[in-house]
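Chemist: The numbering used here numbers the first residue of the sequence shown as 33 and each following residue consecutively.
Built from N, CA and C at the ideal position, the CB exists for glycine as well.
Just so you know, these numbers come straight off a predicted model, no measurement behind them.
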Amino acid sequence: MNQLKSEDYPAIYENYVESVQGDVMAVLEEQLTSFPKFIRRIPESRHTYTYAEGKWTVKEILCHIVDTERVMSYRALRFARNDMTELASFEQDEFVANGRHNERSIDSIIEEFVHLRKANIALFKSFNDIELTRKGMASGRLISVLAFIYVIAGHLNHHKFILQQKYLKD
33 MNQLKSEDYP AIYENYVESV QGDVMAVLEE QLTSFPKFIR RIPESRHTYT YAEGKWTVKE
93 ILCHIVDTER VMSYRALRFA RNDMTELASF EQDEFVANGR HNERSIDSII EEFVHLRKAN
153 IALFKSFNDI ELTRKGMASG RLISVLAFIY VIAGHLNHHK FILQQKYLKD
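#1: Answer with buried or exposed for residue 25, where buried requires no fewer than 16 other C-beta atoms within 10 angstroms of its C-beta.
#2: Along the beta strand (DSSP E) that carries residue 195, what are the first and last residues, could you check?
#3: Give me the Cα-Cα distance between residue 178 and residue 135, rounded to the nearest whole angstrom.
#4: Are the region 84-92 and the region 179-187 touching, with three or more C-beta to C-beta distances below 8 Å?
#5: Where does residue 176 fall in DSSP's three states?
#6: Classify residue 53 as buried or exposed, calling it buried when 16 or more other Cβ atoms lie within 10 Å of its own Cβ.
#7: If you follow the alpha helix (DSSP H) that residue 69 is in, where does it begin and where does it stop?
#8: Helix, strand or coil for residue 167 per DSSP?
#9: Can at least three beta-carbon pairs, one atom from the region 185-198 and one from the region 60-76, be found at a separation below 8 Å?
#10: With a threshold of 16 other CB atoms inside 10 Å of the CB of residue 157, please say whether the residue is buried or exposed.
#11: Is there contact between the region 153-168 and the region 111-118, where contact requires at least three CB pairs shorter than 8 Å?
#12: When the Cα atoms are used, what is the spatial distance from residue 165 to residue 96?
#13: Hey, residue 41 and residue 141: beta-carbon distance below 9 Å or not?
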């Protein structure tokens, strides 16, 4: 797989990208098993917990991770297939507000994550070097297909850290 370069992604994603150490596909595979285990260790009493007024619940964060992975993988697919149509941004707060995430079971969230991640790993493995280097405009920013893969892995890392630091620390 190609090496990711700083010109492959906008600065807004730098923290996500930098949180991914080593081979990004190995990170995605590792997260496929470690993240569901992490979720299962979250006490049920914390599933709808927020640490401050106006913050998302644990379930809302988990579903946000899934929604964002779905959006980013769709963008990667479009650009990999050489569809250079500029893609609009998505409003994460609207996704959360309209997702009814707190009504879902943790098992259903885990199941969706696992199915989506497996499908995305298969998709990303199918991309060749040319497809991985293709770039397009999403949310008004130029980004490569490979960068989306890093963003997906790093976005999960980011929110797992927030969960550990703000939601699960007593």
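Modeler: Per the coordinate set shown:
#1: This structure cannot speak to residue 25, because the chain is shown only from 33 to 202.
#2: Indexing the sequence shown from 1 puts residue 195 at position 163. For residue 195, there is no enclosing beta strand (DSSP E), as DSSP marks it with neither H nor E.
#3: On the sequence shown, position 146 is the one that residue 178 refers to. On the sequence shown, position 103 is the one that residue 135 refers to. Each residue's alpha carbon lies about 34 Å from the other.
#4: Under the Cβ criterion (8 Å, minimum of three pairs), the region 84-92 does not count as touching the region 179-187.
#5: Along the sequence shown, one-based indexing puts residue 176 at 144. It is a strand residue.
#6: Taking the first residue of the sequence shown as 1, we reach residue 53 at position 21. Exposed: under 16 other Cβ atoms inside 10 Å.
#7: Translated into positions along the sequence shown, residue 69 becomes position 37. 56-72 is the extent of the alpha helix (DSSP H) around residue 69.
#8: To locate residue 167, count along the sequence shown from 1; it is residue 135. Correct three-state label for residue 167: strand.
#9: Judged by Cβ distances under 8 Å, the region 185-198 makes contact with the region 60-76, as three or more pairs qualify.
#10: As a working note, residue 157 is residue 125 in the sequence shown. Residue 157 comes out exposed.
#11: yes
#12: Looking up residue 165 in the sequence shown gives position 133. Looking up residue 96 in the sequence shown gives position 64. Rounded to whole angstroms, residue 165 to residue 96 spans 27 Å at the Cα level.
#13: By 1-based counting over the sequence shown, the position of residue 41 is 9. By 1-based counting over the sequence shown, the position of residue 141 is 109. At a Cβ-Cβ threshold of 9 Å, residue 41 and residue 141 do not count as neighbours.
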